[in-house]
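Straight run, no breaks: the sequence shown in UniProt numbering ends on number 819.
Glycine included, every Cβ here is placed at the ideal spot set by N, Cα and C.
Comments concern the structure below.
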Amino acid sequence: MTTYDAVAAQERWQAFWEQDGTFVPLDDGSRERRYVLDMFPYPSGDLHMGHAEAFVMGDVVARYWKLRGYDVMHPIGWDSFGLPAENAAIKRNAHPAEWTYKNIETQARSFKRYGLSLDWSRRLHTSDTEYYRWTQWLFLRFFERGLAYRKDSMVNWCPNDQTVLANEQVVQGHCERCGAAVTKRKLNQWYFKTTEYAQRLLDDMEQLEGHWPDRVLAMQRNWIGRSEGAYVDFDVEGHDGPVTVFTTRPDTLFGATFFVVAPESELADQICAPEQRGAFEEYLEATKRISDIERQSTERPKTGVFLGRYAINPVNDEKLPVYAADYVLADYGTGAVMAVPAHDQRDLDFARTFDVPVRMVVDTGQPDPAETGIATAGDGTYVNSGDLDGLTDKASGVTTMIDRLEAAGRGRRAITYRLRDWLLSRQRFWGAPIPIVHCPQCGDVAVPDDQLPVQLPDLRGEDLAPKGTSPLAGPAATAWREVACPSCGGPAERDTDTMDTFVDSSWYFFRYCSPGFADGPFDEADLARWMPVDQYVGGVEHATLHLMYSRFFTKVLFDMGMVTFTEPFRRLLNQGQVINEGKAMSKSLGNGVDLGEQIDRFGVDAIRLTVVFAGPPDEDIDWADMSPASSLKFLQRAYRLAAEVTSAPGTDPAGGDKDLRHITHRTIADVTQLLDDQRFNVVVARIMELVNAARKTVDTGTGTSDPAVREAAEFVTLALSTIAPYVAEEMWAALGGAPSVANASWPSADPALLVVDSVTCVVQVQGKVRAKLAVAPDISDTDLEAIALADPGVQRSLDGREVRKIIVRAPKLVSIVPA
């Protein structure tokens, strides 16, 4: 056969892999283990073009490592709780469980069709009671350690999904799920104390340097936002005790001319003078309608309201008017700032709007900000700063001022972080219930471990549409909600919020190591064999969400003595997006590309090859520029090469075409290094070059019986199996190999065949080729020049003329210009 049947090959090898257990790891210690993990999917519908790219990258790694002789675990599961599935089910008047598990089965069939080398025996769904039992168990361990707590606070509220959002789930002021503009609401919510691990999250990035993308590490460092400076205590009228602010520049205290508090903070409400109450409350309501991103924009006009109070500057006893202004946020720092308008642009913009004095205390050589409206933030000479005047060293100024504040009991050295605690309460049905009972006598009481899981009530046929509170708080769930207190036995109620689904995904990679384990979330012995994950693949959009949360979970489990490592993922690969005509695919734009239709037209292998060949893994792919038809044409060409080989399996290639053998072993060396470096698109190019070289030998050389052609075809098949597995299986069978090609061994390049005996040097006279010389690769310019001039063809072309100029580029080129 000169062509392969893509559909038949897909059906044949899917069945074989499943029956053979080809991709189930041995886990017997006979091989070094490697763990390849893809960020697991949401069950929001069938696979799309984004899945096509995201999952093929991890599959290339898994298949390559298996060929290299490693015992590879490459599991699959579904992040099956959460808003996307719940909203889709509500829209269709279906129960979330029915909708979710139906979609999971659809996606599972598509994953198998897509030829992924997955271990289906470890499959999990976070919405299974067997799984979320342990999500709840972990929550309770955090609760015991004081890492899970609840408090009243202003939170991000999505008016569309009717639930709170963590800071990380708000993108440019909008819900990262549905895009609705986020507002603020005061609620009592559960939090994980991620701030307690802020410095460790920073310090442990040293383990990830060189193994994670630089931009992900930069995003996490920025999100954690470590700042060094001082806490400074101000006395404020109407407030008992000092009000503390954090500043990185305590040396500029003499330049403070007003004081600002966040409108939504308790402090603003406490200190507001009675005569200013009406104006303040009106401003507060207006602030709630503005997103945090908008509030912090440097381009937005500054607004605020005077609270009728004054703060006392601790270094000069100057009275500073206190304003509530929306450019200060309640959950960043202490919710209050000392304003130094000469050296902070936002403070300066506010001061000019409200006619507050501007006092320069660091002379940077630039014009006075009070006149220009441009704040000066650089270093310079202290002025208007008491005994600091004339000092030019910023570090000395900062140290002197902190020492002075500490001596007076009005401040202290401090380190703060931009990172906030993780808000995990969700007012929705489809999630893991928080395993806490609220008792009027005992307070918050943990559900005993032997009563886990706290299962969701069925509520089939009930209205689960979002109404601002969880359906679990409604009358349909009364019997589920009203329980006896586990501590005193009195009447109590279950917590009616469910957990953020990022809690589920912060530990799923542990569970894959211990599928079905009944005595805990995982068996520690299993983790010792498989963890940390050797290769993680997923989108960069999770840099400050899932990846940060997973790192936090791992560190807590380390402190609990449950794991022996502090970072869960050794290596991270971010894949790009698949777009169309320069824009993200969407139904509204009408530019979506259906993955299933593309597979039906061109076959799985052609789609996988197209995605991989399109560019580096982390770059976006514009499908409008892709040609699956060309990929299919190449795959048929590769298949014909293998199908036409007539030399017997195991034939010694030593007597074969020498040039082809050099090319083959050079390709083995190159492709091995390229796969290690994850330059998958270049791997495809090298495979294509080897197919062309082998084809040339067949057509113009020694033909299909040449053992060097078999050697080349076998390596083409092995390398291609990482990307286009179905055609590779067909090629391996045609070559007489035992199934599956995935069970074969990766070859090593012969060092002797990597040495090039000679190269071809082109000799030009007046730009025309007059000779081609076989020369040593390390020939010198002088020797090459002499050989070129002595060549008979060159001599005839010169015809006795003198050489005016000669250019030598050893060992490939000599260019001669006669007089």
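Own chain residues within Cβ distance below 7 Å of residue i, not counting five before or after
i: L116; result: F55, D59
i: V24; result: D119, S121
i: F517; result: D523
i: R289; result: T183
i: H438; result: D444, A492, E493, D495
i: Q107; result: P41, P43, D46, L47
i: Y508; result: F40, G77, L124, T126
i: residue 821; result: Only positions 1 to 819 of the chain appear in this structure, which leaves residue 821 out of reach.
Cβ neighbour criterion (16 or more within 10 Å) applied to residue i
i: S470; result: buried
i: G277; result: Looking at the sequence provided, one finds Arg at residue 277 rather than Gly. R277 comes out exposed.
i: residue 870; result: Here the chain has residues from 1 to 819 only, and residue 870 is not among them.
i: residue 820; result: In the structure as shown, the chain begins at 1 and stops at 819. Residue 820 is therefore absent and cannot be evaluated.
i: K555; result: buried
i: I668; result: buried
i: V755; result: exposed
i: S30; result: exposed
i: F499; result: This sequence places Met at residue 499; Phe is not what is there. Looking at its Cβ environment, which holds 16 or more other Cβ atoms inside 10 Å, M499 is buried.
i: A713; result: buried
i: G335; result: buried
Proximity of residue i and residue j at Cβ, strictly below 8 Å
i: G241; j: T501; result: no
i: V356; j: F258; result: yes
i: G45; j: N103; result: yes
i: V691; j: E644; result: no
i: Y530; j: R68; result: Note on residue identity: the sequence assigns Trp, not Tyr, to residue 530. No, they are not a contact pair.
i: E581; j: A624; result: yes
i: I779; j: P811; result: yes
i: P453; j: T129; result: yes
i: G656; j: D605; result: no
i: V164; j: L423; result: yes
i: R796; j: P818; result: no
i: R570; j: D526; result: no
i: L675; j: Y231; result: no
i: R695; j: S647; result: no
Rounded separation between residue i and residue j - CA only
i: E730; j: G737; result: 10 Å
i: A180; j: D161; result: 8 Å
i: P274; j: L284; result: 15 Å
i: A15; j: G650; result: 28 Å
i: K186; j: D326; result: 16 Å
i: K66; j: P617; result: 20 Å
i: F350; j: V322; result: 12 Å
i: M154; j: A166; result: 11 Å
i: G490; j: E98; result: 36 Å
i: F234; j: R309; result: 12 Å
i: A6; j: L720; result: 15 Å
i: A774; j: S758; result: 6 Å
i: E176; j: Q169; result: 5 Å
i: L753; j: V684; result: 22 Å
i: T135; j: E541; result: 24 Å
i: P466; j: G431; result: 14 Å
i: M548; j: Q220; result: 7 Å
i: L481; j: Y131; result: One point to set straight first is that residue 481 is Arg, not Leu, in the sequence displayed. The alpha-carbon atoms of R481 and Y131 are separated by roughly 22 Å.
i: K805; j: P777; result: 24 Å
Beta-carbon proximity list for residue i, same chain, < 8 Å, skipping 5 on both sides
i: L217; result: M205, L208, E209
i: Q296; result: Y327, L329
Sequence-distant residues of the same chain with beta carbon closer than 6 Å to residue i, five excluded per side
i: D670; result: R686
i: C442; result: C485, S487, C488
i: residue 826; result: Look at the range of the chain in this structure, 1 to 819, and you will see that residue 826 is not part of it.
Segment limits, beta strand (DSSP E) that includes residue i
i: H438; result: 436-439
i: N156; result: 148-158
i: K772; result: 768-775
i: D119; result: 119-125
i: R309; result: 305-312
i: E338; result: One detail in the question is off: residue 338 reads as Met in this sequence, not Glu. Unbroken beta strand (DSSP E) run through M338: 336-339.
i: G58; result: Here G58 belongs to no beta strand (DSSP E); instead the alpha helix (DSSP H) covers 49-67.
i: S815; result: 813-818
Host alpha helix (DSSP H) of residue i (start-end)
i: E176; result: It is not in any alpha helix (DSSP H) - E176 carries neither H nor E in the DSSP assignment.
i: S550; result: 546-559
i: R221; result: 214-224
i: Y101; result: 96-113
heavy atom of the ligand ATP below 7 Å from residue i C-beta
i: R277; result: Among the components of this structure there are no ligands whatsoever, and the ligand ATP is therefore not found.
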